[in-house]
């Protein structure tokens, strides 16, 4: 039962993180900025989100083991 709950939580958190990243990316793409600035901002957001997801998954993995 505990493993099932952990798996469900991980799936939910992954979906939320992906949805947040997509939403942020879409918001940036439709902002009135020059292409170079937009691409830099997208790159920073992607790196930041990936690091956050990685840290979150690492914490959850440690909590399970």
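Residue numbers (my numbering): -7 to 57. For each residue, glycine too, the CB sits at the ideal point set by N, CA and C. None of the values given here were measured: they were computed from a predicted structure.
Item                                                                                                                                                       : Value
In three-state DSSP terms, what is residue 26?                                                                                                             : coil
Okay, do the region -5 to 14 and the region 27 to 45 touch, 3+ Cβ pairs below 8 Å being the bar?                                                           : yes
Quick one: Cα of residue 14 to Cα of residue -6, how far?                                                                                                  : 30 Å
Who are the near neighbours of residue 41 in its chain, counting only those whose CB is closer than 8 Å to its CB and skipping five residues on each side? : 9, 12, 13, 16
Select from 20, 1, -2, -3 the residue whose C-alpha is nearest the C-alpha of residue 38.                                                                  : 20
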